[in-house]
Amino acid sequence: MTVAVYLPLEEKTHWWVEQLSALLPDHEVVPLDAVSDPGTVRYAVVWRPRTGDLARFAALKAIVSIGAGIDHVLADGALPACVPIIRTTGRDLTQRMREYVALHVLRHHRDMPRQLRAQAERDWHAIVVPVAPNRTVGVMGLGNLGAAAAETLAGLGFATRGWSRRGRDVPGVETFAGAEGLGAFLSGCEILVNLLPLTADTRGILDRSLFDKLPRGACVINCARGPHLVDDDLLAALDAGQIKQATLDVFNEEPLPAKHPFWTRSDITVTPHVASQIDPGTGARLIAKNIRTFEVTGACDDLADAERGY
Ligand code: NDP
Ligand code: OXD
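Under our numbering, the first residue of the sequence shown is numbered 426, with each subsequent residue one higher.
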């Protein structure tokens, strides 16, 4: 039984092959491009597979996403139908996202970019901001990561809101649901965090009409997927003062092209898709555990719903 592994970077593929080989001694774990008999492949462990990569494997039992999102798998136009997709979640992933969201919400809350500009000018400029309970922050998406991020923000004392498709109770968080709840959720959100999955419904959701529903001078943090954001609408909203600052971890094109205007704006913080990466050691253990469980039961806790897109 073969497990085929693919990531765009060859050295990363080899690293995952090595880790998974040690953890799955009953399987032959090989780089996808080195598979000699496609009929023997039962599991494909992938990040951003190329179109057609997975269609070669007629006896595939499951596709494993090396990540929480499955949009990069569904983007394969030749994806074999009805093959279950297992995502990779876990405590480390959630913890890292809590840290990233707390860091950047606090930066915007305390206006650190302005403070750093003052330092550069040797300007003793005291910035007084409201205390956290008087600052409303909102998290879009209340899944594993969004609910944890919202909980963390509520724990820091922020007036925290959360928005999801079906609605979900999160302790200390005021929650809103569905398209009908979006306007009420956005109104008053001074700092907005996006943790939605990328689906047909959420692509381009961070656009001009959404920015216009936020209070003037709001800040936006996108740590979900680049195509959630309409780049030109953000630039226009920043120029108009509707949005004050943004933190972007994910981009329509990654790596962010050197000529992209986001790189050089003082009102945008760019991080290179590092908000929460799968920890290499625990990630391999989680994937091996999911494959072993799926092999025995035909199911596992991390099964995604391909129809829904997450
Ligand atoms: P989950 O699948 O656990 O949760 C998704 C959440 O989004 C659910 O609350 C769901 O609501 C909500 N949602 C989905 N569609 C809609 C919609 N149309 N309107 C309103 N709410 C919607 O996702 P995770 O929390 O695990 O991850 C979220 C995303 O974060 C991933 O898909 C990935 O893109 C991104 N990510 C980014 C990382 C980074 O380093 N930058 C790292 C890891 C993930 P409901 O349950 O009601 O359907
Ligand atoms: C993920 C990611 O989806 O790293 O896990 O973006």
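Using N, Cα and C, we set each Cβ at its ideal position, and we do this for glycine too.
Predicted model only: the values in this text are computed from it and were never measured.
query: Segment contact, 8 Å Cβ cut-off, at least three pairs: the stretch 554–569 with the stretch 518–538; result: yes
query: Residue 488 vs residue 735 beta-carbon contact at 8 Å; result: no
query: Residue 639 beta carbon less than 8 Å from that of residue 617; result: yes
query: Nearest residue (CA-CA) to residue 656, options 685, 665, 667, 648; result: 685
query: CA-to-CA distance, residue 455 to residue 654, given in whole angstroms; result: 36 Å
query: From 499, 589, 548, residue whose alpha carbon lies closest to that of residue 566; result: 589
query: Residue 489 (DSSP reduced to helix, strand or coil); result: strand
query: Alpha carbon of residue 432 to alpha carbon of residue 715, nearest angstrom; result: 19 Å
query: Closer than 7 Å: residue 674 CB and nearest ligand 1 heavy atom; result: yes
query: Nearest-residue set for ligand 2, Cβ under 5 Å from any heavy atom; result: 492, 493, 494
query: Sub-8 Å separation of residue 399 and residue 637 beta-carbons; result: Residue 399 cannot be examined here, being either before or after the span of the chain that is shown, 426 to 735.
query: Strand pairing of residue 644, partner residues [DSSP]; result: 616, 670
query: Residue 634, enclosing beta strand (DSSP E) - first and last residue; result: No beta strand (DSSP E) contains residue 634, which is instead part of the alpha helix (DSSP H) from 633–638.
query: Rounded straight-line distance, which links the Cα of residue 504 to that of residue 474; result: 10 Å
query: Assigned exposure category for residue 701 - 16 Cβ within 10 Å defines buried; result: buried
query: Any non-hydrogen atom of ligand 1 closer than 7 Å to residue 591 Cβ; result: yes
query: Three CB pairs or more closer than 8 Å across the stretch 602–615 and the stretch 579–593; result: yes
query: Contacts around residue 635, its chain only, beta-carbon distance under 7 Å, and the 5 residues preceding and following it disregarded; result: 611
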